[in-house]
Structure formats: structure tokens, C-alpha cells
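Structure first, commentary second.
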Amino acid sequence: AVTLIRNELGEPDESGRRRPIPIPGSEFDLEVDTVVIAIGQRPNRILYQEVPELEVSRNGTIIVDEKYRSTLRGVFAGGDAIRGEATVVLAMGDGKRAAMAIDEYLRTGEWPEKIVPMKIAQAD
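Residues 5 to 128 (the numbering used here) are what the sequence shown spells out, left to right.
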């Protein structure tokens with residue numbers, strides 16, 4: 005289960021963006037089988053520090069193979085987490101290809117003993 009909290013939009017800030025404000029007491033649990041994290045603008049480097057089995061490059065990006073599989077069984081990555089800050093178009097493409105690989109993994113359970121790192125062009 006994942007614990008969630010309802011939010012409402014606050015007043016616009018200087019940039020005009022209305023930020024979500026948690027509604028106290030609105031927490032609820034949602035039963036899930038899988039969680040796909042697809043939010044944010046920068047990779048959360050705390051994850052890498054807390055999960056040493058997850059190999060990262062010298063630039064701090066997650067190392068994946070051509071099916072977006074990381075060195076940690078069952079963990080896939082794409083977008084900025086494998087490229088560094090790049091375009092949303094690249095992230096969307098990674099997400100689409102990773103989704104197909106995730107579907108294959110969920111159907112077959114296959115995972116390589118050792119991944120062969122994908123060569124990733126870095127965005128300028």
C-alpha cells in the first residue's frame with residue numbers, strides 16, 4: 005500500500021505557478037502492485053546513496069542496459085535519471101521504451117545476471 009494525502013492548489017507564486025498544499029487529515033492508503041515514480045525535474049540522488057546495489061556513473065546517473073534495466077533487479081530508470089538534465093522529449097521516449105521492458109519483465113520475470121550498460125548520448 006502507498007499512503008497518499010489530498011492537496012489543494014495554493015495562491016500563485018512570483019512565477020505564476022500554483023503549488024499544491026497538503027490538506028491535513030486527508031491521508032488515505034491505496035493498494036498497489038507496482039509504483040512508477042515519474043515526477044520531478046532532477047534525479048533524487050538520496051536514492052543512490054541509500055541503495056548501494058544501484059550502480060551509477062561518475063556523473064551520478066543510473067546505469068541501465070538497452071531495456072532500461074538497472075543493476076538492481078526489478079528497478080528500471082530513464083529520462084534525467086540516466087541522462088542528466090535533458091529534454092522532456094527524451095524522457096518521454098525513455099518512459100515509453102521502459103514501459104515496454106517493464107511489461108516484458110512482469111510477464112516473464114527475466115533479468116540478466118549482469119547488465120551491459122547502454123551508451124547514452126548526453127544532452128548539451
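Virtual Cβ for every residue (Gly too), placed ideally from N, Cα, C.
With DSSP as the reference, label L94 as helix, strand or coil.
helix
In the DSSP assignment, what are the bridge partners of V6?
L34
Let me check one thing: in DSSP terms, what residues is V60 bridge-paired to?
I66
Beta-carbon gap between I50 and E59 smaller than 9 Å
no
How long is the line joining the alpha carbons of V36 and L110, rounded to whole angstroms?
14 Å
Just verifying my parser: in three-state terms, what is the DSSP assignment at G99?
helix
Can you tell me the Cα-Cα spacing of D128 and I86, whole angstroms?
Its pLDDT being 49, under 50, D128 is placed unreliably in this model, and the coordinates cannot settle the point.
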